[in-house]
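Colleague:
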Amino acid sequence: MSEGPSTEVEAQVDLTVHPSGIVPQLQNVVATVNLECKLDLKDIALRARNAEYNPKRFAAVIMRIREPKSTALIFASGKMVCTGAKSEQESRLAARKYARILQKLENPVIFKEFKIQNMVGSCDVRFPIRLEGLASSHSVFCSYEPELFPGLIYRMVDPKIVLLIFVSGKVVLTGAKRREEIYQAFENIYPVLKEFIEGVSVMGTETPQPLPSWGGWLE
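All letters in the sequence shown, in the order written, are residues 433 to 651 by the numbering used here.
(1) Per DSSP, what are the beta-bridge partners of isoleucine 533 in this structure?
(2) Going by DSSP, which residues form a beta bridge with tyrosine 586?
(3) Per DSSP, which one or two residues make a beta bridge with arginine 496?
(4) Is it buried or exposed, glycine 453, if we count other Cβ atoms within 10 angstroms and call 16 or more buried?
(5) Ordered along the chain, which non-local residues of its own chain (more than five positions away) have a Cβ less than 6 Å from that of glutamine 535?
(6) Check whether the Cβ atoms of isoleucine 629 and isoleucine 561 lie closer than 9 Å to each other.
(7) Within a Cβ cutoff of 7 Å, which residues of the same chain sit near alanine 517, ignoring the five residues on either side of it in sequence?
(8) By Cβ distance, which residues of its chain are closer than 8 Å to valine 624, with the 5 residues on each side in sequence left out?
(9) Between which two residues does the alpha helix (DSSP H) containing lysine 470 stretch?
(10) Could you tell me which residues DSSP pairs with threonine 464 in its beta bridges?
(11) How far does the beta strand (DSSP E) with leucine 605 in it reach, from first residue to last?
(12) When you compare the CB positions of phenylalanine 546 and valine 445, do they come within less than 9 Å of one another, or not?
(13) Please report the straight-line C-alpha distance between glutamine 549 and lysine 592, rounded to a whole angstrom.
(14) Within the continuous alpha helix (DSSP H) that includes tyrosine 622, where are the two ends?
(15) In the DSSP output, what is aspartate 556 paired with across the bridge?
(16) Tell whether a beta-carbon distance below 9 Å holds between leucine 478 and alanine 492.
(17) Looking at the structure shown, is glutamate 484 part of a helix, part of a strand, or coil, going by DSSP?
(18) Secondary structure at glutamine 521, three-state DSSP: helix, strand or coil?
(19) What are the start and end residues of the alpha helix (DSSP H) that includes glycine 565?
(20) Return the Cβ separation of proline 456 and phenylalanine 618 in integer angstroms, given the expectation that the two are a contact with Cβ distance under 8 Å.
(21) Counting C-beta neighbours from all protein chains within 10 Å, is the total for proline 582 16 or more, i.e. buried, or is it exposed?
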């Protein structure tokens with residue numbers, strides 16, 4: 433008797449969306465909300481749990497909740513920034529929970545203008561990358577200064593995404609407003625990365641270059 437589709441089938445990657453077979457995972461969603469009222473930050477910090485306020489250091493209350501795990505920056509103007517959620521849905525849910533906490537503290541907040549400002553994703557191509565070669569061939573888009581930062585910074589034009597590419601094969605993508613932009617940016621860069629597999633020259637012969645000692649920096 434059938435028990436329904438297996439988890440293996442459900443977990444299969446849609447190759448029409450992800451031809452590489454790799455799906456970048458969202459690591460952080462940053463969103464803003466307008467709460468439509470002025471807020472007494474000192475009062476909020478005194479009465480709310482998991483809230484801190486040090487106006488000499490930062491002009492916002494920092495509030496945290498565990499589910500969804502996230503952090504809110506709450507400003508006296510009624511603006512709020514929600515960060516740390518792992519999906520669009522979690523980000524909106526977290527923002528609504530923070531708004532509800534403020535309502536319970538007798539603030540006449542209204543949940544308006546929820547907007548995702550940035551999404552960060554990451555993935556692993558599972559092969560080491562010759563960053564020097566990539567930086568040389570794509571110098572218009574790349575910044576690579578290993579003495580300052582171990583990753584190559586690749587500024588893609590369309591979609592407008594910034595990628596941090598590490599010799600270990602780890603890739604971080606940031607600057608997206610929609611997850612589809614992260615997916616598209618990765619599919620754009622993946623065939624490029626395959627051209628610069630560490631240990632393989634352009635002609636396909638092995639090169640003697642060793643991996644830098646910080647190859648697993650983003651492990």
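For glycine and all other residues, C-beta sits at the position ideal for the given N, C-alpha and C.
In this text, all values refer to a predicted model and were calculated from it rather than measured experimentally.
Modeller: Concretely, from the data shown:
(1) DSSP output for isoleucine 533 lists no bridge partner at all.
(2) Cys574 and Leu595
(3) In DSSP, arginine 496 forms a bridge with Thr503.
(4) By the C-beta density criterion, glycine 453 is exposed, having fewer than 16 other C-beta atoms within 10 angstroms.
(5) Val541
(6) yes
(7) Val461, Pro500, Ser502, Ser523 and Ala526
(8) Leu566 and His570
(9) Careful: lysine 470 lies outside any alpha helix (DSSP H) and carries neither H nor E.
(10) For threonine 464, the pairing in a beta bridge is given by DSSP as Val513 and Lys547.
(11) 602 to 608
(12) no
(13) Rounded to the nearest whole angstrom, the CA to CA distance from glutamine 549 to lysine 592 is 13 Å.
(14) 611 to 626
(15) Lys602
(16) no
(17) Residue state, collapsed to three classes: strand.
(18) DSSP places glutamine 521 in helix when its eight states are reduced to three.
(19) 563 to 569
(20) The beta-carbon separation of proline 456 and phenylalanine 618, rounded to 5 Å, stays under the 8 Å limit for a contact.
(21) Under a 10 Å Cβ-count criterion, proline 582 is classified as buried, with 16 or more other Cβ atoms of the shown protein chains found around its own Cβ.
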